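Scroll down for the structure; my scribbles are underneath it.
Residue numbers (UniProt numbering), protein chains in the order written: chain A, 1 to 595; chain B, 1 to 595.
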């Protein structure tokens, strides 16, 4: 059975050495997160994830969720007890608002814990993950009264939350939503309709489930401008906070999926359920986007986290499995064959994944720190820049990291050879679970369109211009540290030059034919992802360079992986640029019926 | 539920227009395969695969195979009856030797039918697929008496066959095989040991199963030089051809796999089973390689075939599913949204897969024709060249096409969005089934090593030199046909130049450090795959160019896809070349314990 050990050393390197959280003690809650506190928290969380929740991953996959006739849903054995511990350990409330019982610690620390959960048991992690999204949507959009009513119980995890967007006729295109809301005159609405693919829609781990539901108020304008957001609790909440009667919402069925079997993916039927408007009428999409953006970063994290755990197991297998001799001569002459980690092509897969995972971890944490700065930054300029970066990088992180993370789980499976394909070894589950991350919270194609169609153009190009300028400045500031770092900087600037060229090509061609932007979007996003990771690898190499003289081999190893990234991964930029500049002509030329 | 319609038009184009089978009527059996005969056969086979075996794909996945206490195995409902029809229709014996009841038709035609089976139901197709491999191994290596005894029943499909190589301690490294063979003095051997992952090892579709088993004769030399090949029938075969008593071989268990659930993947226990030596003592590996080479081409075909069927279903979904408006203005203004095939990024996935599938089909058929020429060519020079091409391209086809085919099934799933992840829609099965093709018959890493370590160096580089020279000659001969074809030829020659550069880099560097060859192997193979597909696209574009004036839009569409390939797929060569030339230093630098 696969195991998981949280990469605490790497997390510490990022939080302390690269992001230098200790320098941000001016931000609310950061002073409480001293290096010692962080280290202790990571250690404790690492142990819990290794010992408690990772062992439930494979059993959860095999057992899945069960729906009874009455619509109630049972999660796999052990999930309920683990969830209780998860909440008691404070893993859910790390960065939540102290006004409602949260710990108010940096979001970036919450992301590190989130990574552990996503590695150890993605299906389990989705329950608190969805709650967190719902918490944020309520926290940012609901009335004080609503916040007082729902948030304290969500912060403790006693109540969980969901996002209800998709309907059979609409996923990406939420303007087509049909679920209707009829005002009752008392401030409440009756919600009726069917939602599908609702993760954690019904389960046995929390006392109540707070559904956030997109619906159309009778007489609302057509399209997305007529969509409103509602709170629909599974059990009505009385004035004193106690639970009242069951609301008219129920699970009509569970989807049979390729993976994440431990998570209940529900058809949710709303049958004149009582709902409460969040924010303004017809402004539901905006409120939901807050939730989706947090969720998208979390999904990008999942892609990386699944590749991490798959790689850990592949590396252990590669050290253990004896098969054939090294082509450069026996490395374990006393054994019947060498461990397969001596074979370059096995290394290639491990190093590809390692270079991706460590770069993606840096990018995710770096961006999570921007989220902290966006919420807690002391001046408008800091907050604006942080917001720009968040907006720009969220689609990149979501799509690039889930794409490459899936590749990482597949490479890890490949290291296992035939054993990888046999369910018993658990590698198939990483592939099957990870696959959803490329789809949910907006398919990767939608992320790419969001990047080229919205984020590049926003504020006259300010987002990307700020990011490129910061990158240039860092490169200028760090030249001359070492020959090796200079080489990396040169490659980074070259790749950034290609990204700039692609950006300018879009600027010149997309307006003439919007299809050029769509045709370029996937490759543009991947080019962006490579440059963003290269920037992270430069940041990490700089810190490692400064400390490579220390006894700890961590820094020397980091420099090896940095070199691998610049030599072996970054050259992919040129093909993406070539594809971007090809335009949409051949892509769109065939009539639909020719396919 | 997914459907399958054999791409008969494309198959005809390849067989008649591109490969021009009618020009090979000098080869044995080719005169019987006139264009009319081929067309009728393809039509009939297409109908059967669409109506009979494709509908059993999803049910077979859900039901799987069942093993009873006594070790007997039941295949999914409908498989047994379908197999009977499959044999009666002559699909199994197309290219088999008329001396044993085969039809003696071109192998390339058998590949076309094999493609249909691999698309319609990969798990089902493996039963006759393994039989075919066993047939070839016996046909080429066994004594006349053995051939007379086993082949006629295998040709009709009444008996099936298997390949027994893998043991728990060895997959890739067959030198570690422990299964032992003890001579009985009467020409027979007692075989004892355990084999794992034996596809079609036990089932209820044939009267007898002829196992081909690698084992070590007592006292044999260590390593692969001490491995012999044995026939071990499930039921002993009497002198008169009737079935005798049950042999000491049985299925000890079925593997629970990620996919191909309809195929029985067996643990096979040999308990003093009676076996008969095939060919010479200790020369089993060579005999088995014959079987593996045929099988590897078949696996490469599977990768393409699964991408084909997945793409067919994705295209149908994309024409049907309404979601969002085209960015260039509504294309179906009367509907609530446009069909998603109007969105460039959906097209990108369909076109990527189409360009791969059509190119890979051409490459597979082209190479299958080489197999025909190898066996039936009239002069030594023809046979040698065909053998060179087969040897060179087999690892490329196996690894490149399964890698890209898997990507194709994943892209097809992605077109479905959330529905792709739900088992009910069937797209998950294509991904899960296709995944094994990258692993079995030698992992893709082993193929890459076979290419750079064996095939490039064989006969002083004759294989690749012949291939490159043919490509150059074709380009020289076909310049000036049209501006568009000239553009393609230029890109093809450029890519071939990069491949040559990579080949020369290997020649100069691999001898100094063999790890450089291993480190380069994956990217070298992919670079080779791209060039081989580009050559096929040039061949196809030439034929389409000649006939683009005809009413049939097929030729114009072919030219669009050719253009897409050269513009959008081929640019990937440069990144592969850059990676090849990086060498193995960073890849191998980390100590094993650092992972």
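Don't be surprised by glycine CBs; every beta carbon is placed ideally from N, CA and C.
If you're wondering where the values come from, they're calculated on a predicted model, not measured in any experiment.
Put residue i into one of helix, strand or coil per three-state DSSP.
i	result
residue 181(A)	strand
residue 322(A)	strand
residue 235(B)	strand
residue 132(B)	helix
residue 287(B)	helix
residue 167(B)	strand
residue 66(B)	strand
residue 152(B)	helix
residue 73(B)	strand
residue 422(A)	strand
residue 228(B)	strand
residue 339(B)	strand
residue 441(B)	coil
residue 282(B)	coil
residue 313(A)	helix
Grab the span of the beta strand (DSSP E) containing residue i for me, first residue to last.
i	result
residue 270(B)	265 to 278
residue 596(B)	Not covered by the structure: residue 596(B). The range shown for chain B is 1 to 595.
residue 251(A)	249 to 254
residue 193(A)	188 to 199
residue 452(B)	No beta strand (DSSP E) holds residue 452(B); DSSP gives it neither H nor E.
residue 216(A)	208 to 217
residue 244(B)	243 to 246
Could you pull the start and end residues of the alpha helix (DSSP H) that residue i belongs to?
i	result
residue 162(B)	From DSSP, residue 162(B) is part of no alpha helix (DSSP H) but of the beta strand (DSSP E) over 159 to 164.
residue 556(A)	553 to 564
residue 48(B)	35 to 48
residue 596(A)	Because chain A is modelled from 1 through 595, residue 596(A) falls outside the range shown and cannot be assessed.
residue 398(A)	380 to 415
residue 261(A)	Here residue 261(A) belongs to no alpha helix (DSSP H), and DSSP marks it neither H nor E.
residue 497(A)	483 to 509
residue 526(A)	514 to 547
Below 7 angstroms on C-beta distance, what does residue i contact in chain B?
i	result
residue 343(A)	518
residue 428(A)	258
residue 197(A)	418
Please list the partners that residue i has in chain A, where partner means a Cβ-to-Cβ separation under 7 angstroms.
i	result
residue 578(B)	571
residue 173(B)	323, 324, 337
residue 584(B)	344
residue 466(B)	None at all; the shortest Cβ gap to chain A is about 26 angstroms.
List, in order along the chain, the chain B residues whose C-beta lies closer than 8 angstroms to that of residue i?
i	result
residue 409(A)	The premise fails here: residue 409(A) is roughly 11 angstroms from chain B at the closest Cβ pair, so nothing lies under 8 angstroms.
residue 587(A)	344, 347, 348, 351, 564, 568
residue 513(A)	328
residue 463(A)	The premise fails here: residue 463(A) is roughly 20 angstroms from chain B at the closest Cβ pair, so nothing lies under 8 angstroms.
Contact check, residue i vs residue j under 8 angstroms by CB: the rounded distance?
i	j	result
residue 562(A)	residue 544(A)	7 angstroms
residue 237(A)	residue 211(A)	Going by Cβ atoms, the distance from residue 237(A) to residue 211(A) rounds to 13 angstroms, so no, they are not a contact pair.
residue 306(B)	residue 405(B)	6 angstroms
residue 159(A)	residue 207(A)	6 angstroms
residue 475(B)	residue 492(B)	6 angstroms
residue 71(A)	residue 280(A)	That pair is no contact at about 32 angstroms.
residue 38(B)	residue 109(B)	6 angstroms
Would you mind telling me which residues of chain B sit closer than 9 angstroms to residue i, beta carbon to beta carbon, in chain order?
i	result
residue 221(A)	Neighbours of residue 221(A) on chain B: none; closest Cβ ~15 angstroms, over 9 angstroms.
Below 9 angstroms on C-beta distance, what does residue i contact in chain A?
i	result
residue 521(B)	344, 345, 348
Cβ contact (3+ pairs, closer than 8 angstroms) linking the region 193 to 205 of chain B and the region 149 to 169 of chain B: yes
The region 545 to 560 of chain B / the region 478 to 486 of chain B touching (three or more Cβ pairs under 8 angstroms): yes
Cβ contact (3+ pairs, closer than 8 angstroms) linking the region 121 to 136 of chain B and the region 49 to 59 of chain B: yes
Segment contact flag, the region 315 to 323 of chain B with the region 508 to 525 of chain B, C-beta cutoff 8 angstroms, min 3 pairs: no
Validate contact between the region 57 to 67 of chain B and the region 125 to 145 of chain B using beta carbons, cut 8 angstroms, 3 pairs: no
Segment contact, 8 angstroms Cβ cut-off, at least three pairs: the region 456 to 476 of chain B with the region 378 to 388 of chain B: yes
Any 3 or more C-beta pairs closer than 8 angstroms across the region 293 to 300 of chain A and the region 397 to 404 of chain A: yes
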